[in-house]
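J.: Starting off with a structure, shown below.
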Amino acid sequence: MSDDKKAAPKRVKGQIILKTFARTTKSESLGVYLQTADGTFLIRPAGGNPFMDNPLAALAGKFIEAEGRKSNYVFFVKTWKEITEEEAGS
């Protein structure tokens, strides 16, 4: 993909949640999602292997501020930090 077609970096705040991804398919698995005011997106580290365990799963139930890019339904996060619920605006 050329640089001009890549999504611009974006900063988002939300809660990490775990829920089923691709229900009733051969790809069904537990997905790591970021629930924000703008919607819920699958989240994974940029450049990470999608078939390996997602390190963000350990933050389930916590709030984060993340910077990365959104592509379709996945938010590819470059950096993240844990924040309070109040900082997340929830």
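Residue numbers (this note's numbering): 151 to 240. Ideal Cβ placement from N, Cα and C applies to all residues, glycine included.
Among residues of its own chain, excluding the 5 on either side of Gly239, which ones have a beta-carbon nearer than 8 Å to its beta-carbon?
T.: Taking the sequence shown and counting its residues from 1, one reaches residue 239 at position 89. So the list reads Lys163 and Ala187, once near-sequence residues are dropped.
J.: Return the chain-ordered ranges of every beta strand (DSSP E) run that is complete within the segment 152 to 230 and spans a minimum of 3 residues.
T.: Here the runs fully enclosed are 160 to 171, 179 to 186, 189 to 195 and 213 to 221.
J.: Between the segment 169 to 178 and the segment 199 to 209, do three or more beta carbon pairs fall short of 8 Å?
T.: As far as the Cβ criterion goes, the segment 169 to 178 does not touch the segment 199 to 209, which means the pair count is below three.
J.: Taking the alpha-carbon positions, what's the Ile233 to Gln185 distance?
T.: On the sequence shown, residue 233 is found 83 positions in, with the first residue counted as 1. On the sequence shown, residue 185 is found 35 positions in, with the first residue counted as 1. The alpha-carbon atoms of Ile233 and Gln185 are separated by roughly 14 Å.
J.: Is Ala216 buried or exposed, if buried means 16 or more other CB atoms sit within 10 Å of its CB?
T.: Counting from 1 along the sequence shown, the entry for residue 216 is found at position 66. Per the 10 Å Cβ criterion, buried.
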